[in-house]
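The sequence shown begins at 1 in full-length UniProt numbering and counts up one residue at a time. Every residue, glycine too, gets a C-beta built ideally from N, C-alpha and C. Scroll down for the structure; my scribbles are underneath it.
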Amino acid sequence: MRYCLALDLKDDPALIAEYEKYHEKLRPEIEESIRSAGVTAMEIYRIGNRLFMIMETDESFSFDKKAAMDAANPKVQEWENLMWTYQQALPMAKPGEKWLLLDNIFRL
Numbered sequence: 001m002r003y004c005l006a007l008d009l010k011d012d013p014a015l016i017a018e019y020e021k022y023h024e025k026l027r028p029e030i031e032e033s034i035r036s037a038g039v040t041a042m043e044i045y046r047i048g049n050r051l052f053m054i055m056e057t058d059e060s061f062s063f064d065k066k067a068a069m070d071a072a073n074p075k076v077q078e079w080e081n082l083m084w085t086y087q088q089a090l091p092m093a094k095p096g097e098k099w100l101l102l103d104n105i106f107r108l
């Protein structure tokens with residue numbers, strides 16, 4: 001499966017640069033948590049302060065499973081708290097939501 005998600009960064013060039021620096025070499029325990037949830041490939045793109053994530057997953061992946069795994073992993077919680085220093089919810093996000101799933105409206 002392929003999923004596309006969006007999130008905003010705080011509109012501050014210094015914070016955006018720091019955020020990108022953290023993603024140049026992902027912490028091994030974070031990469032392992034992503035892969036163990038069934039994510040086989042992940043890319044994040046940025047324009048301005050808007051982020052777009054493309055995730056490829058195997059048949060074992062589910063958002064509920066990933067959320068439960070993340071909640072039980074202190075290293076992932078530490079990472080998520082750190083990343084929230086740089087991130088901000090999209091205007092249409094509900095309280096507590098971060099990355100929002102995009103609807104596919106066209107395919108060629």
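Span separating the alpha-carbon of residue i from that of residue j
{"i": "E56", "j": "A14", "result": "30 Å"}
{"i": "Y3", "j": "E80", "result": "20 Å"}
{"i": "G96", "j": "P74", "result": "18 Å"}
{"i": "R107", "j": "E20", "result": "29 Å"}
{"i": "E59", "j": "R46", "result": "28 Å"}
{"i": "I16", "j": "A6", "result": "15 Å"}
{"i": "residue 119", "j": "L82", "result": "This structure does not reach residue 119, given that the chain is present from 1 up to 108, and the question cannot be answered."}
{"i": "L100", "j": "E43", "result": "15 Å"}
{"i": "M92", "j": "L102", "result": "12 Å"}
{"i": "K98", "j": "P28", "result": "22 Å"}
{"i": "D11", "j": "E18", "result": "12 Å"}
{"i": "W84", "j": "L26", "result": "16 Å"}
{"i": "H23", "j": "K94", "result": "26 Å"}
Own chain residues within Cβ distance below 8 Å of residue i, not counting five before or after
{"i": "D8", "result": "N49, R50, L51, Q87, Q88, A89 and L90"}
Neighbourhood of residue i by C-beta, 6 Å cutoff - its chain only, sequence neighbours within 5 removed
{"i": "A41", "result": "E56"}
{"i": "V39", "result": "M55 and T57"}
N-terminal and C-terminal residue of the alpha helix (DSSP H) that residue i is part of
{"i": "F52", "result": "Looking at the DSSP string, F52 is not in any alpha helix (DSSP H); the run it does join, the beta strand (DSSP E), is R50 to T57."}
Run of the beta strand (DSSP E) containing residue i, from where it starts to where it stops
{"i": "A41", "result": "V39 to I47"}
{"i": "D8", "result": "R2 to L9"}
Minimum Cβ-Cβ distance from residue i to chain D less than 8 Å
{"i": "K94", "result": "Of the protein chains in this structure there is only one, and it is not chain D."}
Neighbourhood of residue i by C-beta distance below 7 Å, restricted to the same chain and skipping five residues each side
{"i": "K65", "result": "A37"}
{"i": "I105", "result": "none"}
Review point. Okay, do the stretch 30-39 and the stretch 68-84 touch, 3+ Cβ pairs below 8 Å being the bar?
Key: With the cut-off at 8 Å, the stretch 30-39 and the stretch 68-84 touch.
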